[in-house]
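**Q** Next up is a structure, given as structure tokens.
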Amino acid sequence: TTGTAPAGLLQVPVSVAVKGSWSDTTAFLAELQSTGPRLLSVDSVQTTAASGEDSSGLQTLTVSGSVYVLPGSTTESTPDTGSTAAPVLPEMAPGANPLSPSS
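All residue numbers for the sequence shown refer to our numbering, where the first residue is 151 and numbers rise by one.
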């Protein structure tokens, strides 16, 4: 069942499919569960054997669920007008190595 977003968060439905060996897809699922700055709820996990000539030992893992994120700012961003002055670069002596420290 799909839950509702906690107060103050937006719910974004996601579905991710990865193809790999059993150990690769289970490692992906373990990383998905334990890392990342986002709150993720998993609604379903499905595995299917890959088909075709080059699919020996491969499977497709499909994970569906929701990611919960903070809503964006409600203030509009100010467009860049290009009025910022370019920085002034120091002058180099003719023949000087630009990678050596200046004195």
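The beta-carbon is built from N, C-alpha and C at its ideal position, and this holds for glycine as well.
With distances taken between CB atoms, is the gap from Q183 to L189 smaller than 9 Å?
**A** As a first step, residue 183 is located in the sequence shown; it is residue number 33 there, counting from the start. As a first step, residue 189 is located in the sequence shown; it is residue number 39 there, counting from the start. Result no, Cβ atoms of Q183 and L189 do not sit closer than 9 Å.
**Q** Where does S206 sit, in a helix, a strand or coil, going by DSSP?
**A** In the sequence shown, the residue the question calls residue 206 occupies position 56. If DSSP states are grouped into helix, strand and coil, S206 belongs with coil.
**Q** Quick one: what's got a C-beta closer than 6 Å to P221's C-beta in the same chain, skipping five residues either side?
**A** Here residue 221 refers to the residue found at position 71 when the sequence shown is read from its first residue. Correct list, in chain order: L160.
**Q** Where does the unbroken alpha helix (DSSP H) through A180 begin, and where does it stop?
**A** The residue you call residue 180 lines up with position 30 of the sequence shown. Taken as a continuous stretch (DSSP letters only), the alpha helix (DSSP H) holding A180 covers W172 to S184.
**Q** Compute the distance between the beta-carbons of T197 and V166, then report whether it is under 9 Å.
**A** By 1-based counting over the sequence shown, the position of residue 197 is 47. By 1-based counting over the sequence shown, the position of residue 166 is 16. Not in contact: T197 and V166 (Cβ atoms no closer than 9 Å).
**Q** Out of S216, S171, A246 and E241, which has the shortest C-alpha to C-alpha gap to P156?
**A** By one-based count along the sequence shown, residue 156 stands at place 6. Nearest option by C-alpha distance: S216.
**Q** Report buried or exposed for T154, applying the criterion of at least 16 other Cβ atoms within 10 angstroms of its Cβ.
**A** Locating residue 154 in the sequence shown gives position 4, counting from the first residue. Flag for T154 reads exposed.
**Q** Candidates T185, D174 and Y218: which alpha carbon is nearest G158's?
**A** Indexing the sequence shown from 1 puts residue 158 at position 8. When T185, D174 and Y218 are compared, the shortest CA-CA separation from G158 is found for Y218.
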